[in-house]
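Undergrad:
Numbering (UniProt numbering), first residue to last: 1 to 1124.
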């Protein structure tokens, strides 16, 4: 009978296929069918199977037939034709089920081709739960979907029911699945299963959502009117949805579609097939329920193999891309890091960004090499997914990505960096950038073969040491020359910890730990231990176990963290201040963290210090739950955070409130990102020269390496300035408590700051602190520093300030001097010149004038940020105060720090007054360069004669300050210059009077100073300066009185000088004549002064009356005051 079946098959083949075709089929396939197949199927089935079998090969390992049979029960059949070994039924059956099919029976047959290759035929009798399927219309969609799922190119989940249920193609279903995955990451309250059920139950609406997505982003079908109609159609269809939950889910999907600015959905591979991943760019503010802080943009890259998210706080933003192991909530991890990166990046051009991706492919016991290969593969796809949606620049032309509809503005800035799990991937990223012909080239990912090696330069550790030195300066200790006891987190093979522990030969590292070992050296020899640490740093893949045990002091050692317990020597117990004889490794680590040493240096990974008000769950670092302590338990004097997230913010604050000196991680370790930003900006500048043929790529690389030390100096100066700013602000935090309360409220009211998100205390807590003479701590001040710089930078970018010629030179201050000398003119064409200028300005203003400077002047003058910055910069140019401040700061350890800070206060107080003066005039509407040149020359003249013009109390004040500063260590001329600042402020008024009336400048100055003494105006200024009443209105009152004083003294000077008809009298005689002529008026003035002197305090109303009386006596009408 079997022969008869085969003979019949051959006959049928000959009938259907003529000539050589039939002969080939008979030869290849007539004898491959086994007995079990022959027993189960008629000839017609074999004839039908032959075309599918014939198509199979190693390159095409699957064919599918989806059809209705003549069977009465379960007539629908799925027939799989597979090359070589098929997947187990336990894998295939869920695929069919998720496509909406129930399987009732299955038959498997193995065929052998030429005795070599196996072909498997799997026949499934299935049932579709809904109406009869229109096979002709749906078959192709079904087959493609099943193939994609079978090979892992599409996920095997309930979304696949939409293939048959809504007639959607597999890549259309992928869009919905990607949206659902994104919803999971923003903690949408509904599960994926419920979302699947909702979309399937409302298949008609789901199909419209997909069509809307496609029409919005199809390069060939863009039509806003049609899109709007489809959105309305969805909303109308929702009226018939009875379930509130389903309504909310569909509305959320509609919101996601509306918020999608770009997608690579319509891009294809080189063989015209859909890409294996889907990229979606969101405008985050349009998505309901997005966790705070809300990024500006988010790019979500979905794939069955991986998922990734890239969050940006601004258009120009940068940050690392990490391999995350938080499969369920990696966006939460990335969001927290983006927030941290944003405040860290306050000192550089770009704002904060962060990216992360997870692996989804299940690898069974992979080797390190296999796992690394998968990480790199997914990293490459993630990078590609980001670049797919990023604009490009070619010469002077801006280019949108191919086949991408863009609903946002031109957006070409995408810069990434190494991070956890991707530390060595910069060159990989830059190769992808090169393949996309991306305008940033190898500036796309800093570092790599042509970038700066942070470990080699040691830049992050060196930056952290600027904070360390500032903290110890407050303790009157020179951290670079005095021996300092240190405990640390990290090991010598690490970049940050290793370099930090080689910064000074006076470090006494008594204990440290990483994830493998605990190192304890109770009484180290600084010189010997330094050399050994250097050796370990240079030893590849070293650990604490490689430390020479002979060099460890008595009682110390290196202990594995896998030990059950560790016996403590007497020396260790004394070092750590513990009484226990044994501790387990986690307990020992806790003891090390709480050790009574001078410095705790964090250069590792993990969060080890929290507040006592926080739980370990709040911290979110489960692996270190058992070796974590509270901030109040620390006994070290100083903490340096070279690593990220070693402390929670509340942990820092708690430690600071005990008197500990600590900033934050984003302050201490900012040098790394700062260096990377300098590298990127340098490459953008030099690549423009390469493109113009003025510089070879080889020469560019040589030049980059040559200026590495100069770049490091620029970066370290940023660290120095920020550490100084926080230290100075902390010294005055108690005095400024009320001001900070008002400032925080202002930032909140403008939506610039979320107090809870940044762990800043509420008003009640701040008032409580004030009552016990405590202000904001350094970690809290650091947050305000960052937000102040971010706010000011954005306001400058939204103004015309970067275009003003006088400020364009500031771009040069962001580059090494040797680069400026060669490419000064090219800097004007730098792609980021506006952003660089804005960054330099915001840094300078906040670093030099403090956190609340801009806010105070806004409250006093209702001026804009750009107006205040303009006035301030004009002031610094005219008075050349930066050089004086540098001289003061060069006196570290030559004078007491408090003396230095008092000098800085005098300079800054003067700058504040001078800035206000310019804001209250019309001078800022003039050409600024001309203005600066004119006032600079006039001020230099006045500055030379001012000491000789002083008299009485003014002279005494000048001499006292000069002596104080000279004794403190300043050169005599510098001391005189700073002491003169209080008086030299008057130079602005003198210049104004002389210029407006064409008076002689020196004679005007003589009159101005002398009437200040004779009319007791200096006494008024002293009283105002000594008044310490707090509050916004008290402050405004003092400023208003000072303004009245300025005006009165100007008006008096002008009146006296105008009375000088023949210009023959000397100044004292001239004033005496004027006073005699106005004797009656002066009598009234002197009687008023007697009342004021008798009051013994500053009476604002009385002071106002006195000033108005004086102005009135001079002959100035009230109307003139309004127009002055």
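From the three backbone atoms N, C-alpha and C, an ideal C-beta is built for every residue, glycine too.
From what residue to what residue does the alpha helix (DSSP H) around residue 666 run?
TA: 665 to 668 is the extent of the alpha helix (DSSP H) around residue 666.
Undergrad: How many Å lie between residue 947 and residue 610 at the Cα?
TA: When rounded, the distance between both Cα atoms is 55 Å.
Undergrad: Which one of 235, 83, 155 has the shortest CA to CA distance from residue 121?
TA: Out of 235, 83, 155, 83 has the C-alpha closest to the C-alpha of residue 121.
Undergrad: Rank 346, 357, 347 by C-alpha distance to the C-alpha of residue 324 and give the top, closest one.
TA: That would be 357, whose Cα lies nearest to the Cα of residue 324.
Undergrad: Have a look at residue 261 and residue 823 and give me their C-alpha separation to the nearest angstrom.
TA: Looking at the two C-alpha atoms, the distance is approximately 38 Å.
Undergrad: What residue ranges within the stretch 624 to 707 form continuous beta strand (DSSP E) runs of no fewer than 3 residues, ordered along the chain?
TA: Correct list: 638 to 641.
Undergrad: Note down the Cα distance separating residue 22 from residue 12, rounded to an integer number of angstroms.
TA: Cα to Cα, the separation comes out at about 9 Å.
Undergrad: Would you report the Cα separation of residue 334 and residue 895, rounded to the nearest angstrom?
TA: Straight-line Cα distance between these residues: approximately 45 Å.
Undergrad: In whole angstroms, give me the CA-to-CA distance for residue 505 and residue 725.
TA: The straight-line gap from Cα to Cα measures roughly 27 Å.
Undergrad: So residue 1185 and residue 461 are supposed to be a Cβ contact under 8 Å. How far apart are they, rounded?
TA: The structure shown does not extend to residue 1185, since the chain spans only 1 to 1124, so no value can be given for it.
Undergrad: Based on the DSSP output, what are the partners of residue 519 in its beta bridges?
TA: In the DSSP output, where bridge partners are listed per residue, residue 519 has 512, 558.
Undergrad: Below 7 Å CB to CB, which residues in the same chain sit around residue 695 once its five sequence neighbours on both sides are set aside?
TA: Once the five neighbours on either side are set aside, the close Cβ partners of residue 695 are 686, 689.
Undergrad: Excluding sequence positions up to five away, which residues of its chain have a Cβ less than 7 Å from the Cβ of residue 410?
TA: Around residue 410: 391, 398.
Undergrad: With a threshold of 8 Å on Cβ separation, who are the neighbours of residue 1121 within its own chain once the five nearest residues in sequence on each side are excluded?
TA: Because the pLDDT of residue 1121 is 43, which lies under 50, any placement of that residue in the model is unreliable, and the question is left without a value.
Undergrad: Out of curiosity, what's the CA-to-CA distance linking residue 340 and residue 473?
TA: Cα to Cα, residue 340 sits roughly 27 Å from residue 473.
Undergrad: Across which residues does DSSP place residue 869 in a beta bridge pair?
TA: Per DSSP, none; premise fails for residue 869.
Undergrad: Would you mind giving the Cβ-Cβ distance between residue 607 and residue 621, rounded to the nearest angstrom? I have them listed as a contact below 8 Å.
TA: Sure, about 4 Å apart at Cβ, within 8 Å.
Undergrad: To the nearest angstrom, how far is it from the Cα of residue 209 to the Cα of residue 642?
TA: If you take the alpha carbons of residue 209 and residue 642, they lie about 48 Å apart.
Undergrad: Would you report the Cα separation of residue 543 and residue 434, rounded to the nearest angstrom?
TA: Near 37 Å, if we compare the C-alpha coordinates of residue 434 and residue 543.
Undergrad: What is the DSSP secondary structure of residue 281, reduced to helix, strand or coil?
TA: DSSP places residue 281 in strand when its eight states are reduced to three.
Undergrad: What residues in its chain sit with their C-beta under 7 Å from that of residue 903, if we drop five residues either side in the sequence?
TA: 888, 965, 978.
Undergrad: Going by the CB atoms, is the gap between residue 677 and residue 457 shorter than 7 Å?
TA: Going by C-beta atoms, residue 457 is not nearer than 7 Å to residue 677.
Undergrad: By the three-class DSSP mapping on this structure, what secondary structure does residue 173 have?
TA: Helix.
Undergrad: Could you tell me the distance, in whole angstroms, from the CA atom of residue 1105 to the CA atom of residue 1014?
TA: Using only the alpha carbons, I get a separation of about 19 Å.
Undergrad: Measure from the alpha carbon of residue 118 to the alpha carbon of each residue in 704, 96, 311, 53, then state which is nearest.
TA: The residue with the shortest Cα to Cα distance from residue 118 is 53.
Undergrad: Should residue 929 be labelled buried (16 or more other beta-carbon atoms within 10 Å of its own) or exposed?
TA: Residue 929 is exposed by the Cβ-count criterion.
Undergrad: Which runs of the beta strand (DSSP E), 3 residues or longer, sit entirely within the UniProt domain "NAD-glutamate dehydrogenase ACT3" (62 to 137)?
TA: As far as the UniProt domain "NAD-glutamate dehydrogenase ACT3" (62 to 137) is concerned, its whole beta strand (DSSP E) runs of at least 3 residues are 62 to 68, 76 to 83, 101 to 113, 117 to 128.
Undergrad: Between which two residues does the beta strand (DSSP E) holding residue 488 run?
TA: Looking at the DSSP string, the run of the beta strand (DSSP E) that includes residue 488 is 484 to 489.
Undergrad: Going by CA-CA distance only, name the one from 763, 735, 736, 737 that's closest to residue 748.
TA: Among 763, 735, 736, 737, the Cα nearest to that of residue 748 is on 763.
Undergrad: Quick one: what's residue 415 bridged to in DSSP?
TA: DSSP output for residue 415 lists 318 as bridge partner(s).
Undergrad: Which value, in whole angstroms, describes the spacing of the CA atoms of residue 808 and residue 837?
TA: If I take the Cα positions, the gap works out to 7 Å.
Undergrad: Residue 1052 and residue 1021 look like a contact to me (Cβ under 8 Å); what is the Cβ gap, rounded to whole Å?
TA: Actually they are not in contact, since the Cβ atoms of residue 1052 and residue 1021 sit about 14 Å apart, beyond 8 Å.
Undergrad: Would you call the stretch 151 to 163 in contact with the stretch 189 to 197, where contact means no fewer than 3 C-beta pairs closer than 8 Å?
TA: Yes, the stretch 151 to 163 is in contact with the stretch 189 to 197.
Undergrad: Residues in its own chain within less than 8 Å of residue 891 by CB, not counting five upstream and five downstream?
TA: Around residue 891: 900, 968, 969, 970.
Undergrad: Between the C-alpha atoms of residue 675 and residue 200, what's the straight-line distance to the nearest angstrom?
TA: Cα to Cα, residue 675 sits roughly 52 Å from residue 200.
Undergrad: Please classify residue 465 as buried or exposed, where buried requires at least 16 other C-beta atoms within 10 Å of its C-beta.
TA: Buried, because 16 or more other Cβ atoms sit within 10 Å of the Cβ of residue 465.
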